[in-house]
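Undergrad:
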Amino acid sequence: MENIDLFAKAKQDLIDDMKQRNIAAILWDNATADFEQIPEINLAEDDADMPDVSRIMGLYRYDDTLYLIEEDKAKIDFNNFYNPDTEVKPSVVTLTEATAKADLGDPADKPGYTTEGTLEEWLVIADCYFEALNLDNEETIE
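In the numbering used here, the protein residues as written are 1 to 142.
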């Protein structure tokens, strides 16, 4: 199996896992999530002199396409997903399909959502996804 096929299968496996868990979007706070690796992608062209590194703050499954959510480019306020007066700020937030569509909209029409990235970058992000799920379970149980 070629790398392109493996890459497509890896993305589809993430989409399938998110569907099974009823997750359309998962957002994480990089400052508090304490991942093993930093979820970043380089958006610069291969021949560019300077990298254009974007830190990833989550995944968004929309119409069977998986988008990376760029931390400082997507217009998402993490504070909208909890009540700061009565709740401790979570490290991870998961959204159902209806909530994600209502709050995040169509990612193709907005800055800060991308399907770019190399296989290696996506593997790091997949690891962060599973680490985030574990964090979400820990925060829910406590």
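All C-beta atoms in this analysis are idealised placements derived from N, C-alpha and C, irrespective of residue type, glycine included.
1) Would you call the CB atoms of Leu-14 and Leu-68 closer than 7 Å?
2) Report the rounded CA-to-CA distance for Lys-73 versus Cys-128, giving the unit in angstroms.
3) Could you tell me the alpha carbon to alpha carbon distance between Gly-58 and Ala-24, rounded to whole angstroms?
4) Identify, in the order they occur along the chain, each residue of the same chain with its Cβ nearer than 6 Å to the Cβ of Tyr-62, setting aside the five sequence neighbours on each side.
5) Mapping DSSP to helix, strand and coil, what is Ile-26?
6) Just to confirm, are Ala-132 and Ile-41 a CB contact at a threshold of 7 Å?
7) Helix, strand or coil for Leu-135, going by three-state DSSP, please let me know.
8) Please list the terminal residues of the continuous alpha helix (DSSP H) segment that includes Leu-43.
9) Is Arg-55 closer than 7 Å to Glu-71 when the C-beta atoms are compared?
TA: Taking the definition as stated:
1) For the purposes of this step, residue 14 is identified with residue 14 of the sequence shown, where counting begins at 1. For the purposes of this step, residue 68 is identified with residue 68 of the sequence shown, where counting begins at 1. In this structure, Leu-68 does not lie closer than 7 Å to Leu-14 by Cβ.
2) On the sequence shown, position 73 is the one that residue 73 refers to. On the sequence shown, position 128 is the one that residue 128 refers to. Between the alpha carbons of Lys-73 and Cys-128 lies a gap of roughly 19 Å.
3) Within the sequence shown, residue 58 is the residue found at index 58, counting from 1. Within the sequence shown, residue 24 is the residue found at index 24, counting from 1. Straight-line measurement puts the Cα of Ala-24 at about 11 Å from the Cα of Gly-58.
4) As a position in the sequence shown, residue 62 is number 62, starting the count at 1. Same-chain partners within the cutoff: Pro-107.
5) Counting from one through the sequence shown, the residue named residue 26 turns up at place 26. Ile-26: strand per DSSP, three-state reduction.
6) To locate residue 132, count along the sequence shown from 1; it is residue 132. To locate residue 41, count along the sequence shown from 1; it is residue 41. With contacts defined as CB atoms closer than 7 Å, Ala-132 and Ile-41 fail to qualify as a contacting pair.
7) On the sequence shown, position 135 is the one that residue 135 refers to. Looking at Leu-135 - three-state DSSP - the assignment turns out to be helix.
8) Taking the sequence shown and counting its residues from 1, one reaches residue 43 at position 43. No alpha helix (DSSP H) contains Leu-43, which DSSP labels as neither H nor E.
9) Looking up residue 71 in the sequence shown gives position 71. Looking up residue 55 in the sequence shown gives position 55. Yes, they are a contact pair.
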